[in-house]
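See below for the structure under consideration.
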Amino acid sequence: GIQVEQSPPDLILQEGANSTLRCNFSDSVNNLQWFHQNPWGQLINLFYIPSGTKQNGRLSATTVATERYSLLYISSSQTTDSGVYFCARVPAGGSYIPTFGRGTSLIVHP
Amino acid sequence: NAGVTQTPKFQVLKTGQSMTLQCAQDMNHNSMYWYRQDPGMGLRLIYYSASEGTTDKGEVPNGYNVSRLNKREFSLRLESAAPSQTSVYFCASGWGGITGELFFGEGSRLTVL
Chain Y
1 GIQVEQSPPD LILQEGANST LRCNFSDSVN NLQWFHQNPW GQLINLFYIP SGTKQNGRLS
61 ATTVATERYS LLYISSSQTT DSGVYFCARV PAGGSYIPTF GRGTSLIVHP
Chain R
111 NAGVTQTPKF QVLKTGQSMT LQCAQDMNHN SMYWYRQDPG MGLRLIYYSA SEGTTDKGEV
171 PNGYNVSRLN KREFSLRLES AAPSQTSVYF CASGWGGITG ELFFGEGSRL TVL
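Residue numbers (my numbering), protein chains in the order written: chain Y, 1 to 110; chain R, 111 to 223.
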């Protein structure tokens, strides 16, 4: 079954708008990571966040492991925020292999 | 500080040809991974190596082989390339286990004609 589900699949914003991206996971996790894939294809680590809240500039993330979801907040979006955002989770047991959601594609218009 | 380095970055093959994608990391990580990325599919795990000397199949291993040459290097081989293997390939490394934080290379774009 689906282990990592991201929403929305697509998002279009005007520069300056705020947005929330969601990642739901179907089982207990040891950790959760958020990545940004820029238009050149590079995967950039944003947050490593098994639980709680972290902030880095205009971006912040919250993981509520007991309720099996994580949120990525982007405030005052800029055109450079465009790209695809992925979450990846490591399960609490088994082989500890990170698995990915299908991503949220974000376009920020000037 | 190179992090994770993949070569080549681009490759065009004909059906049936073979090739090897190379990956090296300089972070002394235990675990290394090969993913493929196709439009709308996210990243899917091909093979991984939890530690030096071990390799295991991931979600989509058919048509691929891997070698964990040493702690730094993990290569992916296509013995007889097929058009279905046209994709972008990413190598990643991490400490593995319950920590699981991943660090990615820049990707290798492979086209099989």
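From the three backbone atoms N, C-alpha and C, an ideal C-beta is built for every residue, glycine too.
- Contact of residue 163 of chain R with chain Y by beta-carbon distance below 9 angstroms is absent, the smallest such distance being about 16 angstroms.
- Comparing alpha-carbon positions, the option among R:218, R:179, R:145 lying closest to residue 202 of chain R turns out to be R:145.
- The beta carbon of residue 112 of chain R sits closer than 6 angstroms to the beta carbons of 136 from its chain, once the five residues preceding and following it are set aside; these are given in chain order.
- When Cβ-Cβ separations below 8 angstroms define contact, residue 214 of chain R makes contact with chain Y.
- About 7 angstroms separates the beta carbons of residue 59 of chain Y and residue 73 of chain Y, which is inside the 8 angstroms limit, making them a contact pair.
- Of the other Cβ atoms in all chains shown, 16 or more fall within 10 Å of the Cβ of residue 81 of chain Y; this residue is therefore buried.
- Residue 158 of chain R sits close to residue 166 of chain R, with the two beta carbons spaced by under 8 angstroms.
- Under the 10 Å beta carbon count, residue 65 of chain Y is surrounded by 16 or more other beta carbons and is classified as buried.
- In the three-state reduction of the DSSP assignment, residue 136 of chain R falls in the coil class.
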